[in-house]
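Using the numbering used here, you'd call the opening residue of the sequence shown number 60 and step up by one each time. Glycine included, every Cβ here is placed at the ideal spot set by N, Cα and C. Quick caveat: nothing in here was measured; it's all calculated off a predicted structure. Report on one structure; see the data block that follows.
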Amino acid sequence: MEQQQLYVISATGKQDSAGTPEPTVRPTSEALELVSKRAAYESYLVPLRIEGRKLVCLGRETIHPEVLRRFEQTVCREVAIIPTSHQIVTQALQTVFGPPEYVEAIDLVEAVATRKPTAPNFQLHENPRQNPGPMKIIAVTSGKGGVGKSSVTANLALSLAMKGFRVGIMDCDFGLSNMHVLLGSSPKASLADVLHRKVTLDQAFELSLGGVFLLSGPTGSAELADLDYFTLQKSGAGFSEVGEAFDYLLLDTGAGTHDGVMSLLMAADEVILVTTPDPAAISDAYVTIRTLFQRRPQSKVHCIVNQVQDVRHGRLIFAKLMTFLKDFADANVTFMGKVRMDRNVVEGGRMRVPVVLSEPDSDAARDLTFLACRMAGVPCPSPDVKQTFFQRILGRKKSA
């Protein structure tokens, strides 16, 4: 305990608003040399000291194993964590590294840089699928941009993967692909490499955060911005090429109603439409649904209302959307659920760790986990009833 106080929490002269002394962290220089500012903020771990082959860090009481694994690969050491509160870790990070600079140019360039494709270091088919039937293709779309469509896609995929399903994401927002940024990965190949016959489709899928396989889309390519599914099929990038690889293949499509987006929605088994309470988002969502049913009347559409206050608010927004669809009485449109407004979603995006991993007990994370369970037909507790401290402890013991 004395050693922990020496390196971790020692009172300074400053006090917070409650009159509690603010903690300060005094890491050793050897520990600091191992950890960059970016790695510390992405993992929410503060290096303290080196003990043999271990790096001792200050961290939150709960950290996702995948986040820890990625951090250990970065520092090339096993990591031992001294658990503490989220608030103390935040203060310690700012004390040691200064305020987070989430939009540093070097990080942005690294995130979107084109990498030379290399052979994958894993086999796509080496682990068994969970569903006995055919792969389910789900297109996630929206009427307009900025409603959180890609974030919803990433979190649904991670939630399904954590339930044991084999999940792939195909970034189909051609020209403006950013799923690899949300998942904190640096892809070696992209869909552009498949189209140019440099790699096959299954080689282009790469294992990403949380066990999700990601096929990154072409970034910043004007010539590929208007791709449609027919072109993908001709180039060997049709969904049948990986039909035995996944339980679920999620397509993160672009927003709007242009032909490329519509071709993907019509090729999918089901469509998830993400909207928000914003009137423009509701109006554009209606146009998207109307266009889809005009072209493919048998489509199945599930609506997720993002950034709402509660489930009642979500149902109200869905009801408004359905009033626009009164001329499509036979349209198969259902209310899938809501995702509450939550600052943790934004914070997770800045750290490039989706909220179901960064803050699994937050409102948005529990909503998204519940929606993923509904997709897969597996039981899940209601996201509107928070578990007590003792229920969470018992749940962890059972899972262990």
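Helix, strand or coil, according to DSSP, for residue i in the structure here?
i	result
residue 321	helix
residue 95	coil
residue 239	helix
residue 296	coil
residue 101	helix
residue 260	helix
residue 195	strand
residue 165	In this prediction, residue 165 scores a pLDDT of 40, lower than 50, which makes its location untrustworthy; the coordinate-derived value is nonetheless stated afterwards. Residue 165 falls in the helix class under three-state DSSP.
residue 121	coil
residue 316	coil
residue 432	helix
residue 224	coil
residue 156	helix
residue 286	coil
residue 131	helix
residue 208	helix
residue 202	coil
Expressed to the nearest angstrom, what Euclidean distance is found between the alpha-carbon atoms of residue i and residue j?
i	j	result
residue 103	residue 210	20 Å
residue 316	residue 331	14 Å
residue 203	residue 84	45 Å
residue 296	residue 287	11 Å
residue 153	residue 377	42 Å
residue 374	residue 115	47 Å
residue 442	residue 422	7 Å
residue 338	residue 212	22 Å
residue 131	residue 113	10 Å
residue 438	residue 432	6 Å
residue 302	residue 125	26 Å
residue 235	residue 255	19 Å
residue 321	residue 351	7 Å
residue 349	residue 95	49 Å
residue 359	residue 198	11 Å
residue 159	residue 98	11 Å
residue 237	residue 410	14 Å
residue 251	residue 283	8 Å
In chain order, what residues of the same chain lie with their CB nearer than 7 Å to the CB of residue i, ignoring the 5 residues before and after it?
i	result
residue 415	214, 217, 218, 424, 427, 428
residue 343	202, 203
residue 155	84, 86, 105
residue 341	334, 376, 379, 380
Quick one: what's residue i bridged to in DSSP?
i	result
residue 301	DSSP, once it has assigned bridges, lists no residue as partnering residue 301.
residue 348	DSSP lists no partner for residue 348.
residue 329	197
residue 138	114
residue 106	116
residue 229	274, 310
residue 89	None, per the DSSP bridge assignment.
residue 219	According to DSSP, which records beta bridges pairwise, residue 219 is partnered with nothing at all.
residue 265	273
residue 334	364
residue 143	119
Counting only the same chain and skipping the five closest in sequence on each side, list residues whose C-beta sits under 6 Å from that of residue i.
i	result
residue 249	275, 277
residue 167	Because residue 167 carries a pLDDT of 44, less than 50, the predicted location of this residue cannot be relied on, and the following value inherits that uncertainty. Here the set comprises nothing.
residue 157	none
residue 392	360
Looking at residue i and the ligand ZN, is the gap between the Cβ and the nearest heavy atom below 8 Å?
i	result
residue 419	As far as ligands go, the structure on display features none, and thus does not contain the ligand ZN.
Here's a check: name, in chain order, each residue in its chain whose Cβ is nearer than 8 Å to the Cβ of residue i, leaving out the five neighbours to either side.
i	result
residue 122	102, 103, 104, 140
_I'd like the ranges of any beta strand (DSSP E) spanning at least 3 consecutive residues and lying wholly in the region 352 to 406._
359 to 367, 391 to 399
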